[in-house]
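Here the structure comes first, spelled out in structure tokens, and everything after it is commentary.
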Amino acid sequence: MNLRSIDLNLLVIFDALMAEKGITRAAKAIGMTPSAVSHALNRLRQTFGDPLFTRTPTGMSPTRRALELVPFVRAALHSLQQGIALQREFDPETSQRTFNLRQSDFMSDCLLPRLCARVRAEAPGVTLIVGQLPDDEENPYAPGDIQMRVAARARGPEYRRKRIWRDPFVVALRSDHPARMDKLTLDRFLELPFLDVSSAIVDRRSLDEVLRSKGVTRRTAVTIPTLAGVVAVLAHTDLCAVLPQRWVALYSAPSELATMPLPIPLQGIEYAVDMIWHASDETNGAHRWLRRLIVEEFDVLYAPPALRKRRVGHPPSRLDEVPPLAAAL
Numbered sequence: 001m002n003l004r005s006i007d008l009n010l011l012v013i014f015d016a017l018m019a020e021k022g023i024t025r026a027a028k029a030i031g032m033t034p035s036a037v038s039h040a041l042n043r044l045r046q047t048f049g050d051p052l053f054t055r056t057p058t059g060m061s062p063t064r065r066a067l068e069l070v071p072f073v074r075a076a077l078h079s080l081q082q083g084i085a086l087q088r089e090f091d092p093e094t095s096q097r098t099f100n101l102r103q104s105d106f107m108s109d110c111l112l113p114r115l116c117a118r119v120r121a122e123a124p125g126v127t128l129i130v131g132q133l134p135d136d137e138e139n140p141y142a143p144g145d146i147q148m149r150v151a152a153r154a155r156g157p158e159y160r161r162k163r164i165w166r167d168p169f170v171v172a173l174r175s176d177h178p179a180r181m182d183k184l185t186l187d188r189f190l191e192l193p194f195l196d197v198s199s200a201i202v203d204r205r206s207l208d209e210v211l212r213s214k215g216v217t218r219r220t221a222v223t224i225p226t227l228a229g230v231v232a233v234l235a236h237t238d239l240c241a242v243l244p245q246r247w248v249a250l251y252s253a254p255s256e257l258a259t260m261p262l263p264i265p266l267q268g269i270e271y272a273v274d275m276i277w278h279a280s281d282e283t284n285g286a287h288r289w290l291r292r293l294i295v296e297e298f299d300v301l302y303a304p305p306a307l308r309k310r311r312v313g314h315p316p317s318r319l320d321e322v323p324p325l326a327a328a329l
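In full-length UniProt numbering, the protein residues as written are 1 to 329.
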């Protein structure tokens with residue numbers, strides 16, 4: 001028998017007939033009319049080549065073939081119900097699910113410490129696999145993945161995108177840097193030697209596009225592989241870096257680095273973070289849970305200290321001691 005020739009709705013009606021032993025009672029249980037259930041029973045008999053139920057003074061009695069079918073039908077319906085429940089419901093305390101999160105070097109420093117602590121506190125059985133971002137020019141969004149991209153380009157209808165963070169770019173430099181003595185004009189900005197990070201996908205394209213439109217470029221004097229050395233290099237050299245303002249506040253002490261606004265022609269350029277996922281995961285309960293955690297942890301990064309909530313099971317974090325963004329402006 002070819003499964004494609006079977007109307008799966010008939011299995012629900014078969015199960016109701018087995019449970020209620022009568023057409024009227026079965027119809028009431030599943031919200032159908034008795035005539036519709038009677039018609040479905042005729043189709044069931046044709047499908048399985050057996051009467052399935054016979055009338056008796058006490059109701060409808062299943063045939064031997066129906067009794068053979070019932071454990072398989074109920075197992076199939078139960079499995080389907082479990083799959084639907086997993087799609088809509090998620091219990092983080094008992095889940096053993098594995099999530100794939102792809103992000104840049106910048107996100108590893110900024111998001112990951114908070115997110116890992118939150119996942120460990122709420123879902124100790126969950127596995128979180130964090131990987132580097134693939135090339136955005138490819139089509140790399142697999143179902144189940146969450147990607148954190150900077151100003152992600154628009155995708156097709158099979159993807160979802162949510163902008164969860166905006167942060168102005170600033171010029172970061174050591175606190176006693178000579179450039180701090182004067183107002184940072186565009187000419188002075190172009191004279192500064194800059195530090196770049198090859199692995200950090202920090203979107204400076206808009207800034208450099210503005211510079212190119214004016215026929216000028218910045219000078220990159222040093223390129224390092226990761227963000228791990230940025231603060232130390234800037235604190236001990238005359239190098240500067242264009243970085244998101246909040247990152248500088250989170251990962252440097254006030255005595256280490258200072259920030260200056262970009263010169264007026266470049267102001268208003270932001271670091272924008274987008275969360276990307278496949279449309280097939282839109283209503284998945286587990287996927288929604290992790291997306292919610294990511295959004296909440298970004299929100300905490302911006303909240304004033306008095307509004308931050310220490311969550312049970314979390315160790316004290318330096319991230320909870322950072323001044324609010326408004327104080328750094």
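Each residue gets a CB set at the ideal place from its N, CA and C atoms; glycine is no exception.
- DSSP, reduced to helix, strand and coil, places G285 within a helical segment of the structure shown.
- The beta carbon of T94 sits closer than 8 Å to those of G125, all from its chain and outside the five residues before and after it, given in chain order.
- Rounded to the nearest whole angstrom, the C-alpha separation of P254 and N284 is 43 Å.
- In the DSSP assignment, the residues bridged to L128 are F99.
- Taking C-beta atoms under 8 Å as the contact rule, V170 and V248 qualify, at a distance of about 7 Å.
- One thing to note: A279 has its Cβ no nearer than 8 Å to the Cβ of E191.
- The region 103-123 makes contact with the region 218-229, as at least three CB pairs between them are under 8 Å.
- For D167, no alpha helix (DSSP H) run applies; the uninterrupted beta strand (DSSP E) run containing it begins and ends at 159-174, by DSSP.
- Rounded to the nearest angstrom, the Cβ distance from R174 to L234 is 6 Å, consistent with a contact under 8 Å.
- Looking at the DSSP output, L243 sits in a beta bridge with V170.
- Look at the UniProt domain "HTH lysR-type" (6-63) and you find these whole runs of alpha helix (DSSP H), each 4 residues long or longer: 9-20, 23-30, 34-48.
- Setting aside the 5 residues that flank it on each side, L10 is surrounded in the same chain by A40, R43, L44, T47, each with a C-beta closer than 8 Å to its C-beta; the list follows chain order.
- Judged by DSSP in its simplified three-state form, E270 adopts strand.
- Annotation for P178: D238 place their beta carbon closer than 8 Å to its own, counting only its chain and skipping 5 residues before and after.
- About 7 Å separates the Cβ atoms of M18 and A66, confirming a contact at the 8 Å cut-off.
- Each of P51, P261, V119, L243 was checked against the Cα of L186, and the nearest Cα belongs to P261.
- Distance from the CA of C116 to the CA of I13, rounded to the nearest whole angstrom, comes to 46 Å.
- When DSSP states are grouped into helix, strand and coil, V222 belongs to the strand group.
- Taking every protein chain shown into account, the CB of S104 has 16 or more other CB atoms within 10 angstroms, so this residue is buried.
- With a cutoff of 8 Å on beta-carbon distance, R97 and D145 are scored as not near each other.
- Secondary structure of P265 (DSSP, three-state): helix.
- For L234, no beta strand (DSSP E) run applies; the uninterrupted alpha helix (DSSP H) run containing it begins and ends at 230-235, by DSSP.
- Annotation for V216: no beta strand (DSSP E) segment contains it, and DSSP assigns it neither H nor E.
- The shortest C-alpha to C-alpha distance from V230 to any of E270, F194, S213 is the one to F194.
- Taking the Cα positions, K214 is about 11 Å away from L266.
- In the structure shown, F72 adopts helical secondary structure according to DSSP, grouped into three states.
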